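Chains as they are written, first to last, in our numbering: chain A, 1081 to 1225; chain P, 1081 to 1225.
Glycine is no exception: its CB is placed at the ideal position from the N, C-alpha and C atoms.
Since the structure is predicted, the reported quantities are computational estimates derived from the model, not experimental observations.
This report refers to the structure that appears directly beneath it.
2 protein chains.
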Amino acid sequence: MLTMKAKYALRALTTLARHGHAPLPAHQLAAQARVPESFLEVILAELRRAGYVSSKRGLQGGHQLAKAPEQIGLGDLIRAIDGPLAPIRCASLTAYRACSDCPDPEACATRVLMTDVRNAIADVLDRRTLRDQLLLESHRGDLAA
Amino acid sequence: MLTMKAKYALRALTTLARHGHAPLPAHQLAAQARVPESFLEVILAELRRAGYVSSKRGLQGGHQLAKAPEQIGLGDLIRAIDGPLAPIRCASLTAYRACSDCPDPEACATRVLMTDVRNAIADVLDRRTLRDQLLLESHRGDLAA
DNA sequence: TAATTTCCGACAAATCCAGTCGGAATACTA
DNA sequence: TAGTATTCCGACTGGATTTGTCGGAAATTA
């Protein structure tokens, strides 16, 4: 499941990317990305901790991307905000944990199935970066114009 | 995300399938599938409503599969228990709903991305049936023996 | 009738989600 | 130095969802 938080994070990052290098204050970012301002604060804190944005306080301050869009993998981004991609922990590569009620994870058919699902998800997400999202939007805009 | 409920449902159905045609009482099913007995009741009710199991009351009663395992698609099963496969409603084929905060779903890059994810998930799940899960387990057993 | 079993709805505890709020710290400008 | 704009931080809250439990009614069979 994609939470609001991750959806907002994605929008915030693409907004920052489009805005260029100058720092963008949170209240403007909130308006442009359509994210509730006080919730955006929470999200920016996580993005900062994860190294995706850097922030500057005071007048002329604001937030900016800390990496180039093509270096922001969407899989990792969503992992940072929403946790593991796998539908169930025992199918996660990056955050494996056996089910407490599972006598033998090696033999678990559910785990095998869900591992296939998690790989399918990761295949999509880990092949794309923020840059792809930007191109998607601008391409759309071009067509409409 | 795969909830406990869906995980239990999957285990309950494979257990019923392995047990054959005779009805299996809930308390035995609970033990064999390792599902809390009173929660299993709730789950069986949903499976019955969705047409996957049929039940018989009274002495010699119990639950049995209402379809052949190869006719129980895992995608549909999980949809019946956990809801849409898509990570976000606006990316669902079977249960589409636009985000309330989205000015133009057609142009939404997040929706495009998540549609790819949902298709990847559905590709895995809609190609498999309960029979595949059965084979997975028995094959495993063979190897271990 | 007695035993067994499903069936049903209400309830409840725990966890997670989506956000808010108040204020402290920091930086810039005049 | 004062004032203003801004980030930064943690605590809090209300609601939804998950993961169950419980008590009893209805049905079936022996």
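Is residue j closer than 7 angstroms to residue i when the C-beta atoms are compared?
i               : j               : result
residue 1175(P) : residue 1183(P) : no
residue 1206(A) : residue 1138(A) : no
residue 1216(A) : residue 1122(P) : no
residue 1167(P) : residue 1082(A) : yes
residue 1213(A) : residue 1094(A) : yes
residue 1106(A) : residue 1127(A) : no
residue 1090(A) : residue 1190(P) : yes
On the premise that residue j lies in contact with residue i, defined as a C-beta separation below 8 angstroms, what is that separation, rounded to the nearest angstrom?
i               : j               : result
residue 1200(A) : residue 1203(P) : 7 angstroms
residue 1143(A) : residue 1124(A) : 6 angstroms
residue 1157(A) : residue 1132(A) : 7 angstroms
Would you decide whether residue i is buried or exposed? Buried here means 16 or more other CB atoms lie within 10 Å of its CB.
i               : result
residue 1172(P) : buried
residue 1225(P) : Because residue 1225(P) sits at a pLDDT of 46, beneath the cut-off of 50, its placement in the model cannot be relied upon, and the point is left open.
residue 1136(P) : exposed
residue 1086(A) : buried
residue 1218(P) : exposed
residue 1129(A) : exposed
residue 1177(A) : exposed
residue 1111(A) : exposed
residue 1098(P) : exposed
residue 1152(P) : buried
Could you tell me which chain P residues have their CB closer than 7 angstroms to the CB of residue i, listed as they occur along the chain?
i               : result
residue 1167(A) : 1081 and 1082
residue 1085(A) : Per Cβ cutoff of 7 angstroms: no residues; residue 1085(A) is ~12 angstroms from chain P at best.
residue 1133(A) : Under the 7 angstroms cutoff, chain P gives no residues; its nearest Cβ is about 18 angstroms from residue 1133(A).
Name the chain A residues that come within less than 8 angstroms of residue i, Cβ to Cβ?
i               : result
residue 1022(P) : The structure shown does not extend to residue 1022(P), since chain P is modelled only from 1081 through 1225, so no value can be given for it.
residue 1216(P) : 1189, 1192 and 1193
residue 1208(P) : 1193
Which chain A residues are close to residue i, counting only those with a beta carbon under 7 angstroms from its beta carbon?
i               : result
residue 1200(P) : 1200, 1201, 1203 and 1204
residue 1090(P) : 1190
What does residue i reach in chain P if we use C-beta pairs closer than 9 angstroms?
i               : result
residue 1154(A) : 1193
residue 1145(A) : What residue 1145(A) touches in chain P: nothing, since even the nearest Cβ is about 16 angstroms away.
Counting only Cβ pairs nearer than 9 angstroms, list the residues of chain A close to residue i.
i               : result
residue 1114(P) : 1181, 1182 and 1183
Quick one: list the residues of chain P neighbouring residue i, beta-carbon separation under 8 angstroms, in chain order.
i               : result
residue 1122(A) : Those do not exist, as residue 1122(A) stays about 17 angstroms from chain P at its closest Cβ, beyond 8 angstroms.
**Contact between the segment 1147–1156 of chain P and the segment 1114–1129 of chain P (3+ Cβ pairs under 8 angstroms)** = Touching, no.
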